[in-house]
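Peer 1: Here my numbering = 1-based position in the sequence shown + 54.
Where a beta carbon is used, it is the ideal one built from N, C-alpha and C, also for glycine.
Since we're looking at a predicted model, the values are computed, not measured.
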Amino acid sequence: MDFLRPASWEEALAAKAAHPTAVPIAGGTDVMVEINFDHRRPEYLLDLNRIGDLYDWEACENSVRLGASVSYSTIMENLRAELPGLALASHTVASPQIRNRGGVGGNLGTASPAGDAHPALLAAGAEVEVESAERGTRLIPIDEFYTGVKRNALAADELIRAVHIKKADGPQQFSKVGTRNAMVIAVCAFGLALHPESRTVRTGIGSAAPTPVRAKAAEEFLDAALEEGGFWDNGRIITPSVAKQFAELCSGACNPIDDVRGTASYRRHAVGVMARRTLTWTWESYRGTAARTEGAA
Ligand SMILES: Cc1cc2nc3c(=O)[nH]c(=O)nc-3n(C[C@H](O)[C@H](O)[C@H](O)COP(=O)(O)OP(=O)(O)OC[C@H]3O[C@@H](n4cnc5c(N)ncnc54)[C@H](O)[C@@H]3O)c2cc1C
Numbered sequence: 055m056d057f058l059r060p061a062s063w064e065e066a067l068a069a070k071a072a073h074p075t076a077v078p079i080a081g082g083t084d085v086m087v088e089i090n091f092d093h094r095r096p097e098y099l100l101d102l103n104r105i106g107d108l109y110d111w112e113a114c115e116n117s118v119r120l121g122a123s124v125s126y127s128t129i130m131e132n133l134r135a136e137l138p139g140l141a142l143a144s145h146t147v148a149s150p151q152i153r154n155r156g157g158v159g160g161n162l163g164t165a166s167p168a169g170d171a172h173p174a175l176l177a178a179g180a181e182v183e184v185e186s187a188e189r190g191t192r193l194i195p196i197d198e199f200y201t202g203v204k205r206n207a208l209a210a211d212e213l214i215r216a217v218h219i220k221k222a223d224g225p226q227q228f229s230k231v232g233t234r235n236a237m238v239i240a241v242c243a244f245g246l247a248l249h250p251e252s253r254t255v256r257t258g259i260g261s262a263a264p265t266p267v268r269a270k271a272a273e274e275f276l277d278a279a280l281e282e283g284g285f286w287d288n289g290r291i292i293t294p295s296v297a298k299q300f301a302e303l304c305s306g307a308c309n310p311i312d313d314v315r316g317t318a319s320y321r322r323h324a325v326g327v328m329a330r331r332t333l334t335w336t337w338e339s340y341r342g343t344a345a346r347t348e349g350a351a
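And the structure:
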């Protein structure tokens, strides 16, 4: 196995173009497991650790540009206000050691349906910035990024440079069910983001379908119910029947399997429970903020 060590982004793109089968390695928390267990024996490893640019993030007016190798610990420490859903999801990843090494670029590279960043990225609305030496940069909407079980939309000569994530304009939540409280891969997970500016909600479901997915019918139902009832303006408590139907539609968006971590029917049930809970939590938070804003006016 050859180890390629580019010193710059341009060198990394050139190396990937010259060796399209080269496997990029960032934190290594997925790649090294596969190599250690002999699940993968790539001809080339492409080490991205010398490229400082990948560890930078920038808060722009409406979004955050997060370098592909920014670690979960860094997100938790520095981007809690801008990216609350992703910060909450980061908290649930593995252990402090893994959170110090692993990052969103690696989670996207692996594209496991159980990756914890995905529900938060889907709910917040993200775009993945990828680049190749030959064709330059393109932005892939997060909804189009996951193409199958552990498959993504990257071409063989492309690398992930950054992820652009909309800054929160309202409350966000992330919930994960596991067989224990820490160091656990999700049995299933759910992300929810309220977007009061556009009066919409977005969801993300993890580990309950071949890819991470949004519950689009549930989002459309809730958007209409909140609009019809004037909820965004009057800040009333969401009626239990609305929350129940939202939860059922989220369950309906799942297409899970039975595996060692849980059964398909349990996953469907748990996603419904998490959908109802996260809706209650985010809406309570929205009502509190709305009341404070009114009081201040
Ligand atoms: C003990 C343990 C516990 C874990 N627990 C969790 C958990 O709770 N939740 C969770 O979501 N994950 C978990 N993981 C998996 C892993 O930590 C995450 O998926 C992490 O985000 C991977 O990031 P990394 O930088 O280490 O990726 P790497 O292992 O370096 O790479 C992962 C994949 O992404 C590709 N890649 C990396 N960077 C780029 C790039 N810039 N461009 C293109 N491709 C790239 C690699 O080629 C590889 O295919 C766990 C892993 C371990 C070992």
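In whole angstroms, what separates the C-alpha of serine 144 from that of tyrosine 109?
Peer 2: Counted from its first residue, the sequence shown places residue 144 at position 90. Counted from its first residue, the sequence shown places residue 109 at position 55. Serine 144 and tyrosine 109: Cα-Cα distance of roughly 16 angstroms.
Peer 1: When every heavy atom of ligand 1 is checked, does at least one fall within less than 8 angstroms of the C-beta of serine 166?
Peer 2: For the purposes of this step, residue 166 is taken as residue 112 along the sequence shown, with counting starting at 1. If you check the C-beta of serine 166 against ligand 1, you find a heavy atom less than 8 angstroms away.
Peer 1: Hey, quick one: how far does the alpha helix (DSSP H) through arginine 155 stretch, first residue to last?
Peer 2: Position 101 of the sequence shown, counted from the start, is the residue given in the question as residue 155. First-last of the alpha helix (DSSP H) with arginine 155: 150-155.
Peer 1: Tell whether a beta-carbon distance below 9 angstroms holds between glycine 29 and alanine 240.
Peer 2: There is simply no residue 29 to check, as the chain begins at 55 and stops at 351 in what is shown.
Peer 1: Would DSSP call threonine 254 helix, strand or coil?
Peer 2: Along the sequence shown, one-based indexing puts residue 254 at 200. Secondary structure of threonine 254 (DSSP, three-state): strand.
Peer 1: Just reading off the alpha helix (DSSP H) that glycine 139 is part of, what are its end residues?
Peer 2: In the sequence shown, counting from the first residue as 1, residue 139 sits at position 85. It spans 138-145 - the alpha helix (DSSP H) in which glycine 139 sits, taken as one unbroken run.
Peer 1: So the candidates are Leu100, Tyr340 and Asn288; which of them puts its Cα closest to the Cα of aspartate 211?
Peer 2: Taking the sequence shown and counting its residues from 1, one reaches residue 211 at position 157. For the residues Leu100, Tyr340 and Asn288, the minimum Cα distance to aspartate 211 belongs to Leu100.
Peer 1: Going by the CB atoms, is the gap between alanine 178 and alanine 247 shorter than 9 angstroms?
Peer 2: As a position in the sequence shown, residue 247 is number 193, starting the count at 1. As a position in the sequence shown, residue 178 is number 124, starting the count at 1. Taking 9 angstroms as the Cβ cut-off, alanine 247 and alanine 178 qualify as a contacting pair.
Peer 1: By the three-class DSSP mapping on this structure, what secondary structure does asparagine 309 have?
Peer 2: Position 255 of the sequence shown, counted from the start, is the residue given in the question as residue 309. In the structure shown, asparagine 309 falls within a coil segment according to DSSP collapsed to helix, strand and coil.
Peer 1: Look at the alpha carbon of threonine 317 and the alpha carbon of threonine 334, and state the distance between them as a whole number of angstroms.
Peer 2: For the purposes of this step, residue 317 is taken as the residue at position 263 of the sequence shown. For the purposes of this step, residue 334 is taken as the residue at position 280 of the sequence shown. Distance between the alpha carbons of threonine 317 and threonine 334 is about 26 angstroms.
Peer 1: What are the boundary residues of the beta strand (DSSP E) that includes alanine 289?
Peer 2: Here the question's residue 289 lines up with position 235 in the sequence shown. The amino acid occupying residue 289 in the given sequence is glycine; alanine does not appear at that position. First-last for glycine 289: undefined, no H or E at that position.
Peer 1: Assuming threonine 105 contacts proline 60 (C-beta within less than 8 angstroms), just tell me the rounded distance between them.
Peer 2: Sequence index remark: in the sequence shown, residue 105 carries index 51 (1-based). Sequence index remark: in the sequence shown, residue 60 carries index 6 (1-based). The sequence given here places isoleucine at residue 105; threonine does not occur at that position. Distance from isoleucine 105 to proline 60 at the Cβ level is roughly 7 angstroms; contact confirmed, criterion being Cβ atoms closer than 8 angstroms.
Peer 1: Between the region 307-321 and the region 193-201, can you find at least three pairs of beta-carbon atoms closer than 8 angstroms?
Peer 2: no
Peer 1: Closest to proline 264 by CA distance: which of Ile79, Ala329 and Asp312 is it?
Peer 2: Counting from 1 along the sequence shown, the entry for residue 264 is found at position 210. Per the Cα distances, Asp312.
Peer 1: Mind checking whether the beta-carbon of methionine 55 lies closer than 8 angstroms to any heavy atom of ligand 1?
Peer 2: Residue mapping note: residue 55 aligns to position 1 of the sequence shown, counting from 1. Methionine 55 Cβ: outside cutoff for every heavy atom of ligand 1.
Peer 1: Rounded C-beta distance between valine 255 and alanine 279? I'm assuming under 8 angstroms.
Peer 2: Along the sequence shown, one-based indexing puts residue 255 at 201. Along the sequence shown, one-based indexing puts residue 279 at 225. Incorrect: roughly 10 angstroms between the Cβ atoms, too far for contact.
Peer 1: With H, G and I counted as helix, E and B as strand and the rest as coil, what does DSSP make of asparagine 116?
Peer 2: As a first step, residue 116 must be located in the sequence shown, where it is residue number 62. Residue state, collapsed to three classes: coil.
Peer 1: Please return the same chain residues whose Cβ sits closer than 6 angstroms to the Cβ of threonine 201, not counting the five positions on each side in sequence.
Peer 2: If you number the sequence shown from 1, residue 201 lands on position 147. The answer, listed in chain order, is Ala207.
Peer 1: Hey, alanine 165 and serine 186 are a contact pair by Cβ (cut 8 angstroms); roughly how many whole angstroms apart?
Peer 2: Residue mapping note: residue 165 aligns to position 111 of the sequence shown, counting from 1. Residue mapping note: residue 186 aligns to position 132 of the sequence shown, counting from 1. So it is not a contact: roughly 18 angstroms between Cβ atoms.
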